[in-house]
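> The structure under discussion is supplied below as structure tokens; questions concerning it will follow.
There are 2 protein chains.
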Amino acid sequence: MENNYDDNAKVIKALSDASRLKIIDILSCGERCACELLEHFDFTQPTLSHHMKVLIDCGLVASRKEGLWNYYSLNSTNCNKLILFLMNLITYTDECICKDKTKCQCK
Amino acid sequence: MENNYDDNAKVIKALSDASRLKIIDILSCGERCACELLEHFDFTQPTLSHHMKVLIDCGLVASRKEGLWNYYSLNSTNCNKLILFLMNLITYTDECICKDKTKCQCK
DNA sequence: TAATTATATAGATACTTATCTATATATTGA
DNA sequence: TCAATATATAGATAAGTATCTATATAATTA
């Protein structure tokens, strides 16, 4: 298991906002443009733009431009990677991450 | 699937910090007391106390007191619930969360 | 070319948070 | 009861962030 806490924390931080969870939920049933996403929220267009930037920067969402529209979709690979990281994180391991056995209590 | 974005965002926010991810990782191999956890970090004891409070408040970690020591352990049920939420979130659904079909693009 | 539309960026503000030092609380043992 | 130890709380600070309004950019259409 990768102990890449900083990188994964960044991805998780992107998901730590109710609005962005809802965006992911909407994108889970297919690609959407920004104006379609915006209809689901009460905040302004620049705020949506901010949220999309966060989701793109962490790799969970991809975007493509077509004419006037920007279409957003889930990056399934990275979404799955995050879930695998979390599953491994909470899974019991005999071997503690503590390599200094004087500090490790693993039986 | 539950669209309980606010509650899940709170749990995810608790995980959105590299130090707290490491704490979860340590606890995944068994119960630890605060002073054992602290040995893995450079920050001070009150900072660890703050992090533990965040993890307990969101339900991911349980604690019990025994003499001078506080022992912390993962709440596996809630950890698993979070992972299931995320898996459902990113899983493709034919039915869009948008109930207003004039706004929904689902095919 | 000018107007319209979709989206992004800039800058401000209010709120949150990770961390620290100092101190309080609670438990144990002498 | 007093000292030592483990942990929590209080309060401060610096950094981050979700949101807004105003404006810029880019693409389309008339």
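Each protein sequence line maps, in turn, to chains L and E. In case it helps, this note's numbering puts the first sequence at residues 1 to 107. In case it helps, this note's numbering puts the second sequence at residues 1001 to 1107. Think of the CB as a built atom: it goes at the ideal place given N, C-alpha and C, for glycine as much as any other residue.
#1: Judging by CA-CA distance, which residue of 80(L), 17(L), 72(L) is the nearest neighbour of residue 29(L)?
#2: Could you check where the beta strand (DSSP E) with residue 1074(E) kicks off and where it finishes?
#3: Whole angstroms are fine: how far does the CA of residue 37(L) sit from the CA of residue 31(L)?
#4: Assuming residue 51(L) and residue 23(L) are in contact, meaning their beta carbons sit under 8 Å apart, how far apart are those beta carbons, in whole angstroms?
#5: Specify the secondary structure class of residue 1036(E) as computed by DSSP and reduced to three states.
#6: Which residues in the same chain as residue 55(L) place their Cβ atom closer than 7 Å to its Cβ, once the five residues preceding and following it in sequence are excluded?
#7: Taking only beta-carbon atoms, is residue 108(L) less than 7 Å away from chain E?
#8: Which bits of chain E does residue 42(L) rub up against, with CB to CB less than 9 Å?
#9: Any beta-carbon of chain L closer than 7 Å to the one on residue 1063(E)?
#10: CA-CA distance, residue 976(E) and residue 1078(E)?
#11: Could you tell me whether the Cβ of residue 1034(E) comes closer than 7 Å to any Cβ of chain L?
#12: Between the C-alpha atoms of residue 58(L) and residue 41(L), what's the straight-line distance to the nearest angstrom?
#13: Just to confirm, are residue 9(L) and residue 1016(E) a CB contact at a threshold of 7 Å?
#14: For residue 17(L), name the three-state secondary structure that DSSP assigns.
#15: Is any beta-carbon of chain L found at less than 7 Å from that of residue 1068(E)?
#16: Looking at residue 1025(E): is its Cβ nearer than 7 Å to the Cβ of residue 89(L)?
#17: According to the neighbour-count rule (16 or more other Cβ atoms, all chains shown, within 10 Å of its Cβ), is residue 68(L) buried or exposed?
#18: Taking the alpha carbon of residue 1070(E) as the reference point, which residue from 1004(E), 1045(E), 1006(E) has its own alpha carbon closest?
#19: Using DSSP bridges, identify the partner residues of residue 1061(E).
#20: With a threshold of 7 Å between beta-carbons, can residue 1038(E) be considered close to chain L, or not?
A quick look at the data gives this:
#1: Taking the first residue of the first sequence as position 1, residue 29(L) is located at position 29. Cα-wise, what sits closest to residue 29(L) is 72(L).
#2: Position 74 of the second sequence holds residue 1074(E). Per DSSP, residue 1074(E) belongs to the beta strand (DSSP E) from 1069-1074.
#3: Here the question's residue 31(L) lines up with position 31 in the first sequence. Here the question's residue 37(L) lines up with position 37 in the first sequence. Cα to Cα, the separation comes out at about 10 Å.
#4: Within the first sequence, numbered from 1, the residue matching residue 51(L) stands at position 51. Within the first sequence, numbered from 1, the residue matching residue 23(L) stands at position 23. Confirmed, about 6 Å.
#5: By one-based count along the second sequence, residue 1036(E) stands at place 36. Helix at residue 1036(E).
#6: Residue mapping note: residue 55(L) aligns to position 55 of the first sequence, counting from 1. Correct list, in chain order: 14, 20, 23, 61.
#7: No answer is possible for residue 108(L): the residues shown for chain L start at 1 and end at 107.
#8: Here residue 42(L) corresponds to residue number 42 of the first sequence, with the count starting at 1. Within 9 Å Cβ-Cβ: nothing; residue 42(L) doesn't reach chain E, min ~14 Å.
#9: Residue mapping note: residue 1063(E) aligns to position 63 of the second sequence, counting from 1. Residue 1063(E) does not count as touching chain L.
#10: With chain E covering only 1001 through 1107, there is no way to say anything about residue 976(E).
#11: Residue mapping note: residue 1034(E) aligns to position 34 of the second sequence, counting from 1. Residue 1034(E) does not count as touching chain L.
#12: On the first sequence, position 58 is the one that residue 58(L) refers to. On the first sequence, position 41 is the one that residue 41(L) refers to. Distance between the alpha carbons of residue 58(L) and residue 41(L) is about 22 Å.
#13: One-based indexing of the first sequence puts residue 9(L) at position 9. One-based indexing of the second sequence puts residue 1016(E) at position 16. Yes.
#14: Within the first sequence, residue 17(L) is the residue found at index 17, counting from 1. Coil.
#15: As a working note, residue 1068(E) is residue 68 in the second sequence. For residue 1068(E), the answer is no, since every Cβ of chain L falls outside 7 Å of its Cβ.
#16: Your numbering for residue 1025(E) matches position 25 in the second sequence. Your numbering for residue 89(L) matches position 89 in the first sequence. The answer is yes: Cβ separation under 7 Å.
#17: The residue you call residue 68(L) lines up with position 68 of the first sequence. With fewer than 16 Cβ atoms within 10 Å of its Cβ, residue 68(L) is classed as exposed.
#18: For the purposes of this step, residue 1070(E) is identified with residue 70 of the second sequence, where counting begins at 1. Answer by Cα proximity: 1045(E).
#19: As a position in the second sequence, residue 1061(E) is number 61, starting the count at 1. Note: residue 1061(E) sits in a beta bridge opposite 1074(E).
#20: For the purposes of this step, residue 1038(E) is taken as residue 38 along the second sequence, with counting starting at 1. Cβ-Cβ to chain L under 7 Å: no for residue 1038(E).
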